[in-house]
Structure formats: structure tokens, C-alpha cells
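Protein chains in written order, with this note's numbering: chain A, 1 to 248; chain B, 1001 to 1585. Beta carbons are placed, not taken as given, at the ideal position from N, Cα and C, and that holds for glycine. This one's a predicted model, so the numbers in the text were calculated from it and none came from an experiment.
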């Protein structure tokens, strides 16, 4: 009898319906991941009780942990499900949608809020125009490497899921947006308007909402030094406050 | 509120986002449609780098050299005017990304670093670690966000393009799109539409592509009359990690940084690429490398452990080099559990990119530039066919897609201004309603289908067949069988009962709609390949092993007909570089 893996999946028909659990048994194959199993269900949408059901809805795209689409709770831990290898997971495998964003259906949530917060912190370099102005500013390898490590943020939502202070009752922008603000403040051109970003980061929902739980840096799939970013932005914010105070 | 003339851009990858930025800069409103949040577009997967002859390595590199490498790499099927324009603009494009804040890897003097890539002897590939596509995509996404805040861009993320709105004269006035969450369909007016919908990997089942790269959009507009060119020119990347859900790309930059391909022969490591191609070694262009690996495994039977795998060895590289390629090797470690510093990677070729795509005009600087054969409808990026001919050089895609957006955006604005006020609001609403109704009826028909088939399983069948018959080695007989198989799948798809009656985020229903469109492109690929009796670039037929410029130095052009694509041929623009034999040894 071929080996089967038991999945327990938290489902929901739409935004306002109640959630319910459903079980599926998926044939085991070496090196399979959670998404392999969800694709199996699409091809054979029958639950453990033998009942034909609608396949589980989930969000994914790149399947190699660079796009940030497939975030969900796997056995209670928030992570990218494409990289959740069955061989490394306790069974039965429990799948749940993120809890900090509204559920659209089954494992799909609406993460539009993340991009609203990216707008708030002005997460871009305000270039003059796309016409050719020659090379950008020189930068040391070390500076470039630091900026590279911050630039890997996929807006996956793991840090927000893990953060106790990020939820629907708070306007906290979360670790990712704070780290993005720093990414642009660290660029020579971005530094020219860093006060705009810092002003956003100390306004309502800003860095002052961070309670230093340090969950974010533990769950970030790209190992971004989020707590370092939060600390550094805090320093920039303090200097900004003094600058403003003395300019009055 | 009065209607404001605008351009619609479909697709939020490099080509689409660059077009949006150019349009917004010109002061024209822009509506941007993307199935996934733009940040998750497939451009994010690109690893190795972006080509431009910036020449900071003292090598005497130049745009002319880059142009020759590109045209030679494409086996002389690329339209040279566009390829030349791209190579000339390339250094400026890299500088632009630099100014936008892309964290490119740097030299000790603080300049951009450049690495070597396939099909060239010069270091002209700028890179950000080994995740370059991610950083480039994010830079453009950030710039678009800035224009959103300024009110010039409206994003429709989580919306899928279904088809264009055409009037009785077949002029494009907008699109019909689907809200993926609510399954609501709406028509959107626009003076011009740019399709930057990317690749078609899902037609091959498993590829290096993301799941949204279905080929549904070009298939949909193919049925509406947009011609599709060189469909048979499909790139198979030599080094990917085969997987059940996806073949995960192992960037060419691994070889660019010194990685070596080998397998065991008579008990000893055999570096077969280095032996056969002393000049380019492991950095021969992708079609050449892929064919060698394929031959070593399938003909000589020398696959590692008797499997369809060869070694890509990074164990001899320094820690500093490993740091540069960490973004790729960590994928291998995450999914295969092995450390690339200690053991060689096990890889095999995988479908990766389409050089073929929608037909577009190539009159740089005019309103027609990048326009398809439907007036007011443009294509940019991997979705069109202009730049790479029969084979694409590594790191040329990030450049060509960005450059295509830089041309298509301004072209669409020129076209819009040429309309002289006759914008979409002068088109009767009945035209928009009619197209929306057609799509609603199409989806209603999909819901009514009954039968034992499952669309996802049919896609596996299509993918297996396309991979076996239409990738590295193409036998005429197998190609003709593939054409018949595509026709068979078109019929069997009608007998696939829908597994999901949900009114929210219904992926099975969307995929059924996409699959019908995908089969049109698959039909073009198989038919186009079966008619090209020569070997050129990525298209290799053992019965016709040589390039035949006399008979086939021409572009395959497919037009839709209900019983199958009608194939004609266009001349190739070879005005700058005369074809010569293509050798990399």
C-alpha cells in the first residue's frame, strides 16, 4: 500500500463564511513540498472521507521562494509553503491561512495593506527622470552588500504574521516597511530626502509601535536583518527629531 | 467624471513596468493590470544578470561587439535593427537601474561589477548577487509606486486580462479583465493597450517559469487576430534542477563564475563542454550546451547515477565567489538539501524561455513601434518576438524586456496623441458590453462542460508531450504526432467537468479558460517546428542537421484559423551583419 500523507487544511468558502477543517490524503513522493500536495488535490479533489469537493484555493507563483506569494501557516509556523518539504514536517501536516490579513478563500488572503504601507514610507528613489544621466553614485562593496541584504524583501508577510503588534486593530506598518525605509535612506540619492521617510516612520503606526519581540527576524525567509533595520531607523529618527527641534 | 484618455498595460514584469513609467512620465494616465502583485511577477526569478557593454573591465568591449554576439547567438534570425538599438541603449539602461537604487554588486573602486555570461568572451553582465531579476523588478515596481502616489497610475493587481475590445474595423479600444477574487468581469477603455504578458512555460508542463506564465494572453489575442511569430524557437536552459512541481533554474552565472559541467566517463570526470569547445568552454550559448548535455545523457548513456542528470561543479570556487552566487545555491540547498560548496549540483536541461512571440512592428521612434498587427495593440518583452532570433543569450532578456518597455510606452503615447481626440469615449458602449458578454458566455460554457477529464491532468499530458517531442531534439514524425495530439487535447478539454462551482477565487474555472488559449499557442509551436526543415539555434532536427539560409532565413508567422494556424513567412532584417557559420569551438 503506497504511503500517504495526511493533510488537515483550514478552509473558508469566502470572506464572510465560517472556516472549517478538511482532511486530504496525498500519495507520498520523495522531495515533495506542500504545493506539490495542493496541486495533487487540484487533479484529484476528493477529501479523506471520499467526498468530491472543490480543490483547495491557494496563492503561489515562483515555487522557489523568491516571489513571496505562497505564505501560509504550516504546522503553526508562518513560512513559504513551496519550501516546506514534507520530509521535514511532522504529520499530519496542518495548513492554515495567515491570520493578520483578511481571508479571500481557503488559504488565500488579501495582502494589499503591505503595499499601502510601502507607499506611506515613500519606498523608492526619487530619480529626476528615465533619460540617460550616466552612472549613479559610487558605493563601496560593503555598502552595496548591506543594501542588497535589505533589498531582498518579497513583501511575503511572514514578519507581519509573526509580529504581535501587527494586526487589524493597529495601524502599525510592520517590520518590512520600516526596513524598506532604511534601504532607501542608505542610498546616496535616497539620503537626500531621508527626512520624508523618517517623518512617515515616526508618524502614527510607525516604528514606535515596535515592542521588540524580535519574532520578525526569526521568520524572515530571506534572513533580512529586520531588528537591525528597526534599531538603525530608530537612531535616524532620534537624529531627525533633534534636527527638527533645533530648526524651529 | 469625464473620461481621461489613457494607456492600458497588461503585465507587471520588467517590460510592463518600464512601459508604465515611460507613460506616466509623459503625463498620460496609465491603468496597469497584473494577475499577481507586480512584485511577484516572473521577472523576479531571473538570477544571473543584465547585459550592457559598459566596458569597465579594460576589455575593449562595445555595443557593436554586444550586437554581433547577440545576432550570432540568435543564429541570424533576430531582426537586426531592434537588436542593434537594444545593444546601443544597454549601458544607459544599466545606469538607469543604478540610479534607481538597484544594489548591484560593486568593484573595489565602487563601480558596478560585471561578470561573464554565455555566448560572449567579454564581461558585460551587471549583477546583484545572484538574484538580479528580483532587484531590477523591485526597482521598477518602486518607481511605479511613486507614480501611483502622484495619481498617474492605477494598479489592478489580482485582475486577469481576458481579451481585447475591438471595433468593427478591428481597432483596439480597451480590454476585458477578470477580478480574480470576486470573479467579476469588467471592460476597461483605453486608447492603446500594451501586452507585456511574459512567457509560456506552462505549455511545457514543468519549466523554470512561474505558474502565471501560461501563454493564455497571447493565445487569447491570437484568436482575435494577433499573429504569432517563430513559435518553434523555444529555449531550453542547460542547467536546472528537475522537480515534480517545477524545474528550478541554476543560473548561467554559476558557470560564469567558474562552475564546470562534467560527468563520469570510464571512471574519470569528463569535462565534455570544455573538451569540445575550447574557446567558450562551459559558456557556450544555451542551445549548444543543452544539446551536448542531452547527447551525453540520452545517446551516450553517461548520465550521473544512470539518471538524466549531469554535474555542475562549484566545489572548487572560493568562499568569496560562493557569496556572490548564494542566491542561487541557497535554492539548491533549500529544495535538495545539499551544500554546493561540498558536492556538485545535479542538473538537467529545462524549458526556460520563448524567443518567439507576438508579431510587432519595428519602426523605432514612431507610433507604430512595437505595435502588433492590430491597431492600438502593442506587445513588449518576452511576449513578443523581435530581439533574439533562434536563441537568446543569457542576461539579454532582462535587457530586452526593459528596452522593449522603453520603446512601447512612448510609442503608445505617440499613437494616443495621433488619435486627435477620438478616444475610447467616442466608441459606443455596446462595443465594450459585447466583448464582456462574449467572455461571460465563454465562462458560462466552461461551467457547463461535463465529462471525465481534468484540466490540470490534461496540462500534465500536454507538458509531457511538448517536453518529449518539441524541446531539444525534434524528429519530424514526432512533431507531426504532436500537432495531432494538440488537436486531440482541444477536444478532450471540452470533456472536462469543472471541479469548482465557487463564486470566489475559482482557480479551476480560470485555468480551464486559460488552457483553451494555451492550446492555440501549442498548436503554433508544434506546427511551426514541423515546417522548419533545418536546424537553427534552439531548433534542432536530426533529419535536417544544418542551417539552411537559402530556404529558411525567414520568420515563421502564424495566423489564427478555426481548423489550425495558417503559416506564412516574413523576411528577416539582416542589413547590418551578414550571416556566417555559427561555431563556438
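With respect to chain B, the C-beta atom of residue 245 (chain A) has no partner C-beta closer than 8 Å. Under the Cβ criterion (8 Å, minimum of three pairs), the segment 1418-1431 of chain B counts as touching the segment 1168-1177 of chain B. Not a single C-beta of chain B is nearer than 8 Å to the C-beta of residue 26 (chain A). Within chain B, the residues whose beta carbon sits less than 7 Å from that of residue 66 (chain A) are 1044, 1045, 1131 and 1134, listed in sequence order.
When the beta-carbon positions are compared, residue 1240 (chain B) and residue 1410 (chain B) stay at least 8 Å from each other. Here residue 1537 (chain B) is near residue 1390 (chain B), since their CB atoms are less than 8 Å apart. The C-beta distance from residue 1453 (chain B) to residue 1513 (chain B) rounds to 15 Å, too long to meet the 8 Å contact threshold.
Taking a cut-off of 8 Å for Cβ pairs, the segment 1297-1307 of chain B and the segment 25-43 of chain A do not touch, as fewer than three such pairs fall below it. Its Cα nearest to that of residue 1475 (chain B), the residue B:1529 stands out among B:1529, B:1501 and B:1430. With 16 or more other Cβ atoms from the protein chains shown falling within 10 Å of its own Cβ, residue 72 (chain A) counts as buried.
At a C-beta separation below 7 Å, residue 108 (chain A) has these neighbours in chain B: 1505.
Its chain contains 1122 and 1123 as the residues whose beta carbon lies nearer than 7 Å to that of residue 1059 (chain B), once the 5 sequence neighbours on both sides are disregarded; these appear in chain order. In terms of Cβ geometry, residue 1100 (chain B) and residue 125 (chain A) form a close pair [threshold 8 Å].
An exposed status is given to residue 1477 (chain B), since fewer than 16 other beta-carbon atoms sit within 10 Å of its beta-carbon. In the DSSP annotation of this structure, the continuous segment of the alpha helix (DSSP H) that includes residue 1446 (chain B) starts and ends at 1429-1448. Of B:1056, B:1005, B:1370 and B:1077, the smallest CA-CA separation from residue 1552 (chain B) is found for B:1077.
Look at residue 1127 (chain B) here: in three-state DSSP terms it is coil, with no helix or strand label.
Identification of chain A residues near residue 1149 (chain B) by a Cβ-Cβ cut-off of 7 Å yields 119, ordered along the chain.
Secondary structure note for residue 1023 (chain B): it is in no beta strand (DSSP E), and the uninterrupted alpha helix (DSSP H) holding it is 1014-1025. Assignment of residue 1070 (chain B) by DSSP, reduced to helix, strand and coil, places it in the helix class. In this structure residue 1383 (chain B) is not in contact with residue 1356 (chain B), their Cβ atoms being roughly 10 Å apart against a cut-off of 8 Å.
Take residue 1351 (chain B), set aside five residues on each side of it, and the residues of its chain with a beta-carbon closer than 7 Å to its own are 1201, 1204, 1207, 1234, 1236, 1467 and 1471, in chain order. Here residue 80 (chain A) carries a strand assignment [DSSP, helix/strand/coil].
Residue 1235 (chain B) carries a strand assignment under DSSP once its states are collapsed to helix, strand and coil. With a cutoff of 8 Å on beta-carbon distance, residue 200 (chain A) and residue 213 (chain A) are scored as not near each other. Fewer than three Cβ pairs drawn from the segment 1022-1030 of chain B and the segment 1049-1066 of chain B lie within less than 8 Å of each other, which leaves the two stretches out of contact. When Cβ-Cβ separations below 8 Å define contact, residue 189 (chain A) makes contact with chain B.
Beta-bridge pairing by DSSP links residue 1350 (chain B) to B:1237. Beyond the five residues adjoining it in sequence on each side, residue 1210 (chain B) comes within less than 7 Å, by CB distance, of 1042 and 1045 in the same chain, given in chain order.
Segment contact: the segment 47-54 of chain A against the segment 1485-1504 of chain B, three or more CB-CB distances shorter than 8 Å; contact assigned. Under the DSSP assignment, residue 1405 (chain B) falls in the alpha helix (DSSP H) whose first and last residues are 1397-1418.
Contact between residue 1408 (chain B) and residue 1370 (chain B) holds: their C-beta atoms lie close to 4 Å from each other, under 8 Å. Proximity to residue 1487 (chain B) across B:1524, B:1576, B:1296 and B:1473 peaks at B:1524, based on C-alpha coordinates. At a cut-off of 8 Å between beta-carbon atoms, residue 1238 (chain B) makes no contact with chain A.
Within a 10 Å sphere around the beta-carbon of residue 176 (chain A) sit 16 or more other beta-carbons, which makes this residue buried.
Contact between residue 1334 (chain B) and residue 65 (chain A) holds, since their C-beta atoms are separated by about 6 Å, short of 8 Å.
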